[in-house]
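Data block below; observations after.
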Amino acid sequence: MAEDHQIALQAIDLSKRFGGLVAVSHVSLDLRIGEIHAVIGPNGAGKSTLINLLSGDLLPTDGQIRLDGLDLTHASPEKRALRGVGRSYQKTTIFPRFTARENVRLAVQSHMPSPLNCWRSPDRDPQTNQATLSALARAGLSARADVMAMHLSHGEQRQLEAAMVLATRPRVMLLDEPLAGMGHAEARSMIQLIGSLKRDCALLVVEHDMDAVFELADRLTVMADGRIIACGLPADVRSDAAVRAAYLGEDEAAA
Ligand SMILES: Nc1ncnc2c1ncn2[C@@H]1O[C@H](COP(=O)(O)OP(=O)(O)O)[C@@H](O)[C@H]1O
Ligand SMILES: [Mg+2]
Numbered sequence: 006m007a008e009d010h011q012i013a014l015q016a017i018d019l020s021k022r023f024g025g026l027v028a029v030s031h032v033s034l035d036l037r038i039g040e041i042h043a044v045i046g047p048n049g050a051g052k053s054t055l056i057n058l059l060s061g062d063l064l065p066t067d068g069q070i071r072l073d074g075l076d077l078t079h080a081s082p083e084k085r086a087l088r089g090v091g092r093s094y095q096k097t098t099i100f101p102r103f104t105a106r107e108n109v110r111l112a113v114q115s116h117m118p119s120p121l122n123c124w125r126s127p128d129r130d131p132q133t134n135q136a137t138l139s140a141l142a143r144a145g146l147s148a149r150a151d152v153m154a155m156h157l158s159h160g161e162q163r164q165l166e167a168a169m170v171l172a173t174r175p176r177v178m179l180l181d182e183p184l185a186g187m188g189h190a191e192a193r194s195m196i197q198l199i200g201s202l203k204r205d206c207a208l209l210v211v212e213h214d215m216d217a218v219f220e221l222a223d224r225l226t227v228m229a230d231g232r233i234i235a236c237g238l239p240a241d242v243r244s245d246a247a248v249r250a251a252y253l254g255e256d257e258a259a260a
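Taking our numbering, the leading residue of the sequence shown gets 6, the next gets one more, and so forth.
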């Protein structure tokens, strides 16, 4: 696995305290272009908090975040997004009464740096239209572009969220439980989509579905109580005694 893959996003010794609770404790990790870095761990391990720190939705108590070497530790989510950090949320964040196409178009427009864009008719801007169509196509939603989001299936709504992140052409994608609540067929197409994203992007994927994790991950980090308890190639992490005891062991014992 390519040590030579270029590091896009770097977390260095990140910590986040909520009052007396340390949700994320001294976490360091690299996200590399061309790689899917999966983060697993039991509920409350700090996975979503870590994503919130990387996206800028939360500011860390300590530590640093760098994108392509640039310090973004205290940058707003908007600034990070403009620099190429895209994220999806654990709960769906689409506009239910807008069509799939309109939702994606809004995502495209929100990432256009020039405020002058509001003087243009968005429907007529070919660049916006092109970015919208290509994101819908990559997410497998071309045929559903004109359906109101509220009428899409749960899986299609998650695909739409992925399209909305994709539309911003991110360098880094942070996906929090992308398979949550999906049926088997929907999960399969989402797994395929996620696998195709790493071509030109660095991904961090938090996911509970272990089969999907081991199918997708190039690197695997295991968190428990805010800390990293193991990190490395998936096969190595899987055989780590501490991980089996703390986490994977429970799953396998139950299986
Ligand atoms: N905004 C918040 N305020 C206070 N505590 C929080 C907040 N967000 C998360 N926590 C706590 O931080 C810990 C880690 O939560 P979270 O990052 O959501 O875990 P995970 O995503 O791994 O399930 C939990 O104990 C949770 O209750
Ligand atoms: Mg979570």
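No residue lacks a Cβ here, since even glycine has one placed at the ideal position from N, Cα and C.
None of these values were measured; they are calculated from a predicted model.
Query, Result
"Using only the alpha-carbon positions, how far apart do H11 and S20 sit?", "First, the amino acid is wrong: residue 11 is Gln here, not His. Q11 and S20: Cα-Cα distance of roughly 24 Å."
"Please confirm whether L58 and P65 have their CB atoms less than 7 Å apart.", "yes"
"Among residues of its own chain, excluding the 5 on either side of A263, which ones have a beta-carbon nearer than 6 Å to its beta-carbon?", "Since the first and last residues shown for the chain are 6 and 260, residue 263 lies out of range."
"Are the Cβ atoms of A50 and A229 separated by less than 7 Å?", "yes"
"With 16 as the cutoff for other CB atoms within 10 Å, does T98 come out buried or exposed?", "exposed"
"Any idea if R37 is buried or exposed, counting beta-carbon neighbours within 10 angstroms, 16 or more meaning buried?", "buried"
"Which partner residues of G237 appear in the DSSP bridge assignment?", "L225"
"Since K21 is in the alpha helix (DSSP H), which residue starts that stretch and which ends it?", "Premise fails: K21 lies in the beta strand (DSSP E), 12-23, not in any alpha helix (DSSP H)."
"Taking 6 Å as the cut-off, is the C-beta of F23 nearer than that to any heavy atom in ligand 1?", "yes"
"Distance check for E107 and R204, CA to CA, integer angstroms please.", "26 Å"
"How many angstroms separate the CA atom of D67 from the CA atom of L179?", "20 Å"
"Less than 7 Å between CB atoms is the rule here; does V210 satisfy it with respect to chain D?", "This model lacks chain D altogether; it includes just one protein chain."
"In whole angstroms, give me the CA-to-CA distance for H159 and Q132.", "29 Å"
"If I measure Cβ to Cβ from A235 and keep anything under 6 Å in the same chain, skipping five residues before and after, which residues do I get?", "V227, V242, D245, V248"
"Please report how far the alpha carbon of A168 lies from the alpha carbon of A105, in whole angstroms.", "9 Å"
"Using the C-alpha atoms, what's the distance from G91 back to L14?", "12 Å"
"Below 6 Å, is the gap between the Cβ of S53 and the nearest heavy atom of ligand 2?", "yes"
"Under the rule that 16 or more other beta-carbon atoms within 10 Å means buried, what is H156, buried or exposed?", "exposed"
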